[in-house]
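Data block below; observations after.
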Amino acid sequence: MTPDLPVEVLADIVDHVGDWELAKAVGVPTSLPQPSEWVRATCTDQAVLTGQVSAILKASPSAENPLTKTGAITAIRFGYVNVLEYFLSQHHKMFLEAFSDDLIPIKASRHGRLNVLSWWKHGFEQHPDLVPPPKQGSIAEAVDRASRNGQVESLDWWRNWGRPFEYTEAALEYASAKNQISVLDWWRRQHRSTGLPLKIGRAMDMASTAGNVEALEWWARSQLDAKYDRHALQHASCHGKVEVLEWWLSSGLPLMFDQEALTGATRHNRPEVLEWWDRSGLSIQYRMCDIEEALEESIIPGDEARNWWKRKGVDFNANDKEWMKLQSLN
304 MTPDLPVEVL ADIVDHVGDW ELAKAVGVPT SLPQPSEWVR ATCTDQAVLT
354 GQVSAILKAS PSAENPLTKT GAITAIRFGY VNVLEYFLSQ HHKMFLEAFS
404 DDLIPIKASR HGRLNVLSWW KHGFEQHPDL VPPPKQGSIA EAVDRASRNG
454 QVESLDWWRN WGRPFEYTEA ALEYASAKNQ ISVLDWWRRQ HRSTGLPLKI
504 GRAMDMASTA GNVEALEWWA RSQLDAKYDR HALQHASCHG KVEVLEWWLS
554 SGLPLMFDQE ALTGATRHNR PEVLEWWDRS GLSIQYRMCD IEEALEESII
604 PGDEARNWWK RKGVDFNAND KEWMKLQSLN
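So in the numbering used here, the last one in the sequence shown is 633, and the numbering has no gaps at all.
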C-alpha cells in the first residue's frame with residue numbers, strides 16, 4: 304500500500320473508527336485491542352488478512368491450521384477475490400466448510416463487495432460442482448442485510464442479477480431502524496418505476512425504537528401505506544427517546560398509545576419520559592398497582608422513576624380501591 308496520507312494520520316483515523324481488522328489489512332500500526340474472534344484465529348486467518356496469496360502459502364493451510372469463519376468473512380469484507388480463488392482451487396474442502404451457509408452472498412451484500420458477488424454468481428452458474436448455488440432464503444437475507452447496512456449498490460446488483468429478487472419485511476424495517484434514508488429512497492424508486500411490491504412491516508415502530516426522527520419523517524412524507532400501532536410510542540418511551548415522542552406529537556398523525564407507555568417508561572427507569580407524558584397534554588391513564596409492579600420489575604437500576612411518581616403525588620401506601628383505580632396522569 305502507498306497511502307496518500309502519512310501512516311501516522313492513517314493510524315489515527317483507523318483507531319478513531321475502531322476498526323482493528325482494517326488497520327491490519329492496510330498495514331498501519333494500531334493501539335486497538337485485538338477482537339476476541341481474532342484471539343482464536345489461525346495462522347491461515349492472519350495471512351488472509353493481508354489479502355496476499357503469498358502470505359497464505361507461507362502460512363501453509365492444513366487441517367490443523369485451517370481457514371475459519373473469521374478469515375473467510377475477512378476475505379469477503381475486503382473483496383479478496385484472489386483469496387477466494389486460491390481456496391476454491393487449492394483447498395476445496397476447506398473452502399466449502401469456511402464459506403458454508405451462503406456466507407459469500409450474505410456478507411458481500413453487507414459490505415457492498417460487488418466483485419465478490421459477481422465472482423460467486425459466475426462460480427455457481429458455471430461450476431455448481433465447486434461453488435454451491437444459494438439455498439432457499441439466502442437471497443432474501445442478503446438483500447435484507449444490504450438494506451440494513453445502507454448498501455444501495457448491493458441492492459442494485461441483486462435487482463439486476465438476472466434471477467428472482469427476494470426480500471422480506473426486514474429490509475425496510477432494518478433500513479428504518481438504522482436510519483438508512485438512501486436505502487428507503489431506493490426502495491421507493493423501485494416501487495414507483497417498476498412496481499416492485501413493498502413489504503413495509505413495522506418500519507415506523509422500528510424507527511421509533513431506535514430514535515430515528517429522520518426515518519420517521521421520511522415515512523410520514525413518503526405517501527406510502529406505512530402502518531403503526533401503540534408500540535411505536537411504547538417502545539420510544541421504554542428506550543427514552545423523548546425526541547421521537549416530540550416528533551409524533553407534532554407530526555399530525557393519529558396517535559396510538561395506552562398505559563403501557565407509562566409502565567414501560569417506569570420499568571426502564573425513564574423519569575424524563577414520564578415528565579414528557581405529564582406535560583404533553585395527552586390523555587393517558589395508569590393504575591398504581593401497575594406502576595408499583597413496574598418499579599419492582601425495574602430493568603434499569605435506580606430510584607429516579609419511583610421518585611418522580613412520588614413527586615407526582617402517588618401514595619404507594621394507598622388502600623386497595625385506590626390501588627386498582629384507573630387514574631389520569633394529567
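Think of the CB as a built atom: it goes at the ideal place given N, C-alpha and C, for glycine as much as any other residue.
The beta strand (DSSP E) enclosing residue 589, as first and last residue numbers: The continuous beta strand (DSSP E) containing residue 589 extends over residues 588-590.
Coil, strand or helix - residue 629 by DSSP: In the three-state reduction of the DSSP assignment, residue 629 falls in the strand class.
Residue span of the alpha helix (DSSP H) that contains residue 385, given as start and end: Where residue 385 is concerned, the enclosing alpha helix (DSSP H) stretches over 384-393.
Residue from 590, 509, 456 and 553 with nearest C-alpha to residue 490: Comparing alpha carbon positions, the residue from 590, 509, 456 and 553 closest to residue 490 is 456.
Between the CA atoms of residue 386 and residue 351 - distance to the nearest angstrom: Looking at the two C-alpha atoms, the distance is approximately 7 Å.
Contact under 8 Å by Cβ, residue 381 with residue 449: Against a cut-off of 8 Å, the Cβ pair of residue 449 and residue 381 comes out as no contact.
Closer than 8 Å to chain B by CB, residue 532: Looking for chain B here will not work: only one protein chain is present.
Beta-carbon proximity of residue 584 to residue 544, cut-off 8 Å: With respect to the 8 Å criterion, residue 584 and residue 544 are not classified as neighbours on the basis of their beta carbons.
Three-state class that DSSP yields for residue 477 in the structure shown: If DSSP states are grouped into helix, strand and coil, residue 477 belongs with the helices.
Candidates 521, 332 and 567, of which the one nearest residue 609 by Cα: Ranking the options by Cα distance to residue 609, first place goes to 567.
Beta-carbon proximity of residue 289 to residue 565, cut-off 8 Å: There is no way to answer for residue 289, as the model of the chain reaches only from 304 to 633.
Minimum length 4: unbroken alpha helix (DSSP H) runs contained in the region 401-473: The DSSP assignment places complete alpha helix (DSSP H) segments of no fewer than 4 residues inside the region 401-473 at 406-414, 417-429, 441-451 and 455-462, in order along the chain.
Extent of the continuous alpha helix (DSSP H) to which residue 583 belongs: Per DSSP, residue 583 belongs to the alpha helix (DSSP H) from 574-583.
As assigned by DSSP and simplified to three states, the class of residue 622: Note: residue 622 maps to coil in three-state DSSP.
Residues near residue 356 by beta carbon distance below 8 Å, same chain, minus five either side: Closer than 8 Å at Cβ, skipping near neighbours: 385, 386 and 389.
Cα-Cα separation, residue 528 to residue 561: If you take the alpha carbons of residue 528 and residue 561, they lie about 23 Å apart.
Residue 363 versus residue 335: straight-line alpha-carbon distance, rounded: Between residue 363 and residue 335, the C-alpha separation is close to 28 Å.
CA nearest to the CA of residue 532, picked from 557, 518, 522 and 400: Per the Cα distances, 557.
Contact under 8 Å by Cβ, residue 463 with residue 518: Cβ atoms of residue 463 and residue 518: not closer than 8 Å.
Residue 305 in three-state terms, based on DSSP: With a pLDDT of only 48 at residue 305, under 50, the local geometry of the prediction cannot be trusted, and the value read off the model is given with reservation. It is coil, neither helix nor strand.
Spatial distance of residue 304 from residue 313 (CA atoms): Its pLDDT being 45, under 50, residue 304 is placed unreliably in this model, and the value from its coordinates should be taken loosely. Straight-line spacing of the CA atoms in residue 304 and residue 313 works out to 12 Å.
Span separating the alpha-carbon of residue 604 from that of residue 590: Taking the straight line joining both Cα atoms gives about 22 Å.
Residue 345 beta carbon less than 8 Å from that of residue 377: It is not a contact, given that the beta carbons lie outside the stated cut-off.
Alpha helix (DSSP H) segment containing residue 602, residue limits: According to the DSSP assignment, residue 602 belongs to no alpha helix (DSSP H), since it is labelled neither H nor E.
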